Amino acid sequence: METSMERLRGGVAVITGAGSGIGEGLARVAAEQGMRVVVADIAEDRAQLVAESIRDRGGEAMAVRVDVADSASIDALAATTHDTWGDVTLL
């Protein structure tokens, strides 16, 4: 029987606030479970560091700067994610 986490393998996770703290932890767990991870944060430099660390461990990750208080920024995040990896599995 397939577990819930096994069903996520190969899916796309968009994690906001992933440049540090809980968001970073969630991004790392998603990558460990075989998900492609969009590391989204207002601090692009921190997002880049987390994404690089995930890739260094064999995961797939990209960093995207997002300001969740700005609808245009959210739209850009959605478009970048969809254009790169398709539909989102986990938000």
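Quick note on this note's numbering: the sequence shown kicks off at 24 and runs consecutively. Ideal Cβ positions, reconstructed from N, Cα and C, are used throughout, including at glycine. The model shown is predicted, which means the values in this text are computed figures rather than measured ones.
Check, Outcome
"Contacting residues, own chain, Cβ-Cβ under 7 Å from Arg51 (five flanking each side not counted)", "Ile77"
"Opening and closing residue of the alpha helix (DSSP H) in which Thr104 lies", "94-108"
"Ala86 versus Ala101, Ser94, Ala92, Ala95, residue with shortest Cα-Cα distance", "Ala101"
"Cβ-heavy atom distance, Leu49 to the ligand ZN, below 7 Å", "Of the ligands one can find in the structure shown there are none, so the ligand ZN has no counterpart to examine."
"Local conformation of Asp90 per DSSP, three classes", "coil"
"Rounded C-alpha distance that separates Thr39 from Asp106", "18 Å"
"Which listed residue (Arg80, Glu55, Gly48) has its alpha carbon closest to that of Gly33", "Glu55"
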